[in-house]
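Position one of the first sequence corresponds to residue 57 (this note's numbering), numbered consecutively onward.
Where is the CB? At the ideal position from N, CA and C, for every residue including glycine.
Before any comments, here is the structure.
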Amino acid sequence: MPEGHTIHRLASDLVRDLHGAVVAASSPQGRFDADPADGKVFAGATAVGKHLLLRFRDPETELDVSEQIHIHLGLFGKFKRFKNEVARDSGAIRFRLVGAVYTWQLTGPTACHWMSPEEVESLRGRIGSDPLDATADPERAWATVARSRRPLGALLLDQSVFSGIGNVYRAELLFLLGVHPELPSKALGRARFDELWRLSVELLARGVRERRIATTPKVAGVRVTKRESLYVYKRRECRKCSGPIVAIQLAGRPIYCCERCQPAEKLP
DNA sequence: AGCATATGACGAA
DNA sequence: TCGTCCTATGCTC
C-alpha cells in the first residue's frame, strides 16, 4: 500500500534492521546492477515523499558510496522482510539485501536504479511539501494552492505540490476537511489550507505508526478494523450522514466523496 | 487456470 | 486523456 507513510516506515525499518551492517546485495531477477552495494555497509535510508533512497559505505576505505539507490514502488512495488533462513527465490525479485538476521526483497517497483548526487538533488528539488518531513515547508505548497485554478483534488495528487499523499489519503483528507474535490484550489483559503496541512501531518504520521491508512477515530484507544478505518475511500455509504458516496474521475483516478458532507461551493 | 484489481507515474498525442 | 509499465493477491470458474 504505497503512499508516503509506507515509504517512511520502510526507511525506518530498513535502518533498524541493517544500519551499520555489511550487506549482501543482489538482483535475482537480473534487472538491476546491485554489485556496487554488495559487501558494503548499509549507511542509511531516507524517504522523500514516495521515493526511497539507500546509501552505502565502503568498509575498507570508510568512504561513502556517492551514488544512492533510488527506489519508487509505484502501484505494485513491495519491499518485504524475511528472516534470512526463510527468504527464498520466488517470483521476480528486483533487489535483495541480506543482513545478519533479515533479508529484504523488492518486487515490482516502478524504479530501482543508482542515482548520482546531482540526480538526488534534482529529485529533492522537484518534490513538493512532504507532511512526513519534519523540516518540510508548507508555504511552498500554499504558494501553489493559493494561485491555482486546478481542482484541489488534483493538486493533492501532484507530487510536485504535496508529496506522499496518494489516492486514499486525498479522498479522506478532503472528506475530513468537508471540501468538495473539484473546488478550485485558490478558493480554499488560508485557514482551510492550514487545517489541511495539519490533518495531513497527523494522518500520515498515524499511517507510519499503524502501518496502514486509518482516518477514523480509535474507540477507547483500540485500533479500528480495516472495514471501519476509512470514511469514504471505496465506500458506498457515508459514515457520517449515510448519504451515497460518489466516485468522481479527477486527475485520471477515482476520488470518492460524500456530496452532502462535501458540498460544491458557490464561487463569487 | 484465468482474470480483475491495486494506495503510481511517465510519455505520447 | 490515454496507453504503458511493474507484480502479487484474491476472487471466480
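Between V157, L162, R205, which lies nearest to I149 when the distance is taken from Cα to Cα? L162
Apply the 10 Å Cβ neighbour rule to C294 and answer buried if 16 or more other Cβ atoms are within range, or exposed otherwise. buried
Given a threshold of 16 other Cβ atoms within 10 Å of its Cβ, counted over all protein chains shown, does K296 qualify as buried or as exposed? exposed
Going by DSSP, which residues form a beta bridge with Y158? K139
Identify the continuous alpha helix (DSSP H) that holds Y225 and give its terminal residues. Here the alpha helix (DSSP H) through Y225 covers 223-233.
Put K322 into one of helix, strand or coil per three-state DSSP. coil
Whole angstroms is fine: what's the gap from V264's alpha carbon to R316's? 30 Å
Helix, strand or coil at P58 according to DSSP, with G and I counted as helix: coil
H75 versus H128, C313, T102, residue with shortest Cα-Cα distance: Nearest of H128, C313, T102 to H75, Cα basis: T102.
On a CA-only basis, which of P300, R226, V280, F98 is nearest P207? Give me that one, please. R226
Please confirm whether L188 and H61 have their CB atoms less than 9 Å apart. yes
Could you tell me if D145 is buried or exposed, where buried requires 16 or more neighbouring beta carbons within 10 angstroms of its beta carbon? exposed
Mind listing, in chain order, the continuous beta strand (DSSP E) runs of no fewer than 3 residues lying wholly within the region 151-204? 158-163, 167-171
Contacting residues, own chain, Cβ-Cβ under 7 Å from G234 (five flanking each side not counted): C317, Q318
Boundaries of the beta strand (DSSP E) in which S82 is found, first to last residue: 80-82
The region 113-127 contacting the region 161-175, beta-carbon criterion three pairs below 8 Å: yes
Among R268, L232, P92, I183, which residue has its Cα nearest to the Cα of S78? Note that residue 78 is Val in the sequence shown, not Ser. Selected option, being the one with the closest Cα: P92.
Output the distance between the C-alpha atoms of S256 and T271, rounded to the nearest integer angstrom. The alpha-carbon atoms of S256 and T271 are separated by roughly 10 Å.
Cβ-based neighbour list, F112, same chain, cut-off 6 Å, excluding 5 preceding and 5 following: Closer than 6 Å at the Cβ level, and outside the excluded window around F112, lie A93, K96, A99, V121.
Please classify R111: does DSSP put it in a helix, a strand, or coil? strand
How would you write the range of the alpha helix (DSSP H) that L252 sits in, first residue to last? 246-266
Using only alpha-carbon positions, find the residue among C313, F138, T166 that is nearest to G155. Ranking the options by Cα distance to G155, first place goes to F138.
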